[in-house]
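Each residue of the sequence shown is one higher than the one before, starting from 364 at the first, in our numbering.
Written out below as structure tokens is the structure these notes cover.
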Amino acid sequence: MKFISTRGACASVSAAEAILAGLAPDGGLYVPESFPTLSKQALEPGKPYASRVALALAPFFSGDPLEDKLRTICEDAFSFPVPMVDLGTTPAKVLELFHGPTAAFKDFGARFLARCMEALVSDTDKSPGRLAGSGYSDGDRLTILVATSGDTGGAVAAAFHRRKRISVRVLFPENGVSGRQQKQLTCWGDNVRSYAVRGDFDDCQRVVKEAFQTPLLVEKYRLSSANSINLGRLLPQAAYYIHASVEFLAATGGKPLLVIPSGNVGNAVGAYWARMMGAPIGDIVMAVNANRTIPDFLESGEYRPRPGIKTIANAMDVGAPSNLERLRALYPDTAGFRREVRAWSVSDEQLRQTIRRVYDESGYVLCPHTAAGEWVRQNHFPDEAAILVSTAHPAKFETVVEPLIGRQLEVPEALAALLDAPGNFETIKPELGELFP
Ligand SMILES: *Cc1c(COP(=O)(O)O)cnc(C)c1O
Numbered sequence: 364m365k366f367i368s369t370r371g372a373c374a375s376v377s378a379a380e381a382i383l384a385g386l387a388p389d390g391g392l393y394v395p396e397s398f399p400t401l402s403k404q405a406l407e408p409g410k411p412y413a414s415r416v417a418l419a420l421a422p423f424f425s426g427d428p429l430e431d432k433l434r435t436i437c438e439d440a441f442s443f444p445v446p447m448v449d450l451g452t453t454p455a456k457v458l459e460l461f462h463g464p465t466a467a468f469k470d471f472g473a474r475f476l477a478r479c480m481e482a483l484v485s486d487t488d489k490s491p492g493r494l495a496g497s498g499y500s501d502g503d504r505l506t507i508l509v510a511t512s513g514d515t516g517g518a519v520a521a522a523f524h525r526r527k528r529i530s531v532r533v534l535f536p537e538n539g540v541s542g543r544q545q546k547q548l549t550c551w552g553d554n555v556r557s558y559a560v561r562g563d564f565d566d567c568q569r570v571v572k573e574a575f576q577t578p579l580l581v582e583k584y585r586l587s588s589a590n591s592i593n594l595g596r597l598l599p600q601a602a603y604y605i606h607a608s609v610e611f612l613a614a615t616g617g618k619p620l621l622v623i624p625s626g627n628v629g630n631a632v633g634a635y636w637a638r639m640m641g642a643p644i645g646d647i648v649m650a651v652n653a654n655r656t657i658p659d660f661l662e663s664g665e666y667r668p669r670p671g672i673k674t675i676a677n678a679m680d681v682g683a684p685s686n687l688e689r690l691r692a693l694y695p696d697t698a699g700f701r702r703e704v705r706a707w708s709v710s711d712e713q714l715r716q717t718i719r720r721v722y723d724e725s726g727y728v729l730c731p732h733t734a735a736g737e738w739v740r741q742n743h744f745p746d747e748a749a750i751l752v753s754t755a756h757p758a759k760f761e762t763v764v765e766p767l768i769g770r771q772l773e774v775p776e777a778l779a780a781l782l783d784a785p786g787n788f789e790t791i792k793p794e795l796g797e798l799f800p
């Protein structure tokens, strides 16, 4: 199975090559050359989660260096539950994607990617190298650089923590993340180093970009990225939709409408890919916050990326959604795109009202991102059999959610463990020389 660039100006590659490369050399994003059809086995209800994922993704890895390791990688990466629960008395179910170590859906992609990369770097060099007996060092085979405004860095750090022969450097804006977010970025140690940058998120991104544009550094440290455009993060996001839709169909007899809270659109691309492979999915709709780039594009037919604006659903504060390029590759003509892709924008006030309403009606607590999805579902599809995709645990956003529901939230066990660990970071100026002295 081969993968091609959305911009079509470079050779096709294997899954392993796409995962190690991140971005395609022509600046495009890797997408499957064609979509395999799910096997009968992959579509059987009642399968344990990790087995389902391994079956569903197997065709993408046929003939790939990772082929024989796929099952082990899945079993190791997906060691937490992926439940669907009723949403009060509505015809919808909530797909809870927040039971991983950092309590957001990004754990799926980051954990799968980390294990793929670990398997690939240990394959290319079987000698013990500089790591033997010396803990972790810059002599690792790969250095993952991430700039984060919050959620991604935590999921990536957690996923790569103690992965052999890979080290991680996480950059976050010194005064730009919440207390709990900072804990999740700085509690790791070992092969993960955290840097509080004296500046904002754009400064962090600029430093990372400069590093990637410095061939000496790229070579010396084997710089690589784990951001959400990596194919290794997309494939497992298709897999949970395959699993959820199969179980939904078995339980209700119908194909679900999927409602997906979206920012960079990687999560939603997973759903479209799952449907292309034959997963029993009906319509797919997106909910965005006040960052209206996609709804505006659907309305006007004109794509106008812009700077992100701050909202209470901050992991979706994206004004130039990078994975949109993958969706446009699926539906290249505008009419087709408008038929298949729908999106609504939800204001902060509507998010707050939705969190309050759902709590009052059913006692269920939504995170601010999931609330965007619920607003769209309730206002546009109240009677449809739907899966509302829950992207994070509400306790990650306690300063928004707790005042709205008037009580404290219990912190999930895995997250509590991270919050209790001592933090450890260096503060640096936003300069490349500070990151790589
Ligand atoms: C990243 C994130 C999103 C947005 O997902 P995309 O794949 O970027 O569309 C939504 N909710 C939460 C909690 C996230 O962390």
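A virtual CB, placed ideally from N, CA and C, is assigned to each residue, including glycine.
None of these values were measured; they are calculated from a predicted model.
Residues of the same chain with a CB within less than 7 Å of the CB of Lys469, apart from the 5 flanking positions on each side, are Asp514, Thr515, Ala518 in chain order. Using a Cβ distance threshold of 8 Å, Glu688 and Leu392 count as a contacting pair. In this structure, Pro670 sits near Gly682, with a CB-CB distance shorter than 8 Å. Relative to ligand 1, the beta carbon of Asp680 is positioned no closer than 7 Å to any heavy atom.
Bounds of the beta strand (DSSP E) holding Leu621 are 620-624. One Cα belongs to Ser377, the other to Leu429, and the distance between them is close to 10 Å.
With fewer than 16 other CB atoms across the displayed protein chains lying within 10 angstroms of its CB, Arg770 is exposed.
For Glu776, the enclosing alpha helix (DSSP H) starts and ends at 776-783. The beta carbons of Pro775 and Ala758 sit closer together than 8 Å. DSSP places Ala455 within a strand segment (E or B) once states are collapsed to three. Secondary structure at Glu789: strand, using DSSP grouped into helix, strand and coil. Of the residues assessed, Ser397 falls on the exposed side of the cut-off, its CB having fewer than 16 other CB atoms within 10 angstroms.
For Ser710, the distance from the CB to the nearest heavy atom of ligand 1 is not below 7 Å.
The Cβ-Cβ distance between Ala522 and His756 does not fall below 8 Å.
Per DSSP, the unbroken alpha helix (DSSP H) holding Trp738 starts and ends at 731-743.
Taking the Cα positions, Asp659 is about 8 Å away from Tyr666.
Here DSSP, grouped into helix, strand and coil, assigns Thr697 to helix. Under DSSP, Thr506 forms a beta bridge with Ser530, Leu586.
Between the region 377-387 and the region 592-602 there are three or more inter-stretch CB-CB distances shorter than 8 Å, so the stretches are counted as touching. Placement of the Cβ of His462 at a distance of 7 Å or more from every heavy atom of ligand 1 is found.
Between the region 419-427 and the region 446-454, the count of C-beta pairs closer than 8 Å stays below three; the two stretches do not touch.
Of the candidates Tyr604, Phe611, Phe443, Ser708, Phe443 places its Cα closest to the Cα of Ala777. By the 16-neighbour rule on beta-carbons within 10 angstroms, Gly726 is exposed. A residue is called buried when at least 16 other Cβ atoms come within 10 angstroms of its Cβ; Leu458 meets this threshold and is buried. Considered as a whole, the region 525-583 harbours 529-536, 555-560 as its complete beta strand (DSSP E) runs of no fewer than 3 residues, in chain order. Secondary structure note for Leu751: its beta strand (DSSP E) is the uninterrupted segment 749-753. When distances are taken from the beta-carbon of Asn630 to the heavy atoms of ligand 1, the shortest one is below 7 Å.
When the Cα atoms are used, Ile672 and Ala653 turn out to be separated by approximately 7 Å. A distance below 8 Å between beta-carbons, with the five flanking residues on each side excluded, links Arg719 to the following residues of its chain, in chain order: Leu767, Ile768.
Residue Val509 holds the alpha-carbon nearest to the alpha-carbon of Phe535 among Leu418, Phe475, Val509, Ala780. Taking non-hydrogen atoms of ligand 1 into account, the C-beta of Ala634 is found less than 7 Å away from none of them.
Beta-bridge pairing by DSSP links Val376 to Phe366.
It is roughly 32 Å from the alpha-carbon of Arg543 to the alpha-carbon of Thr435.
In this structure Ile529 is in contact with Glu481, their Cβ atoms being roughly 6 Å apart against a cut-off of 8 Å.
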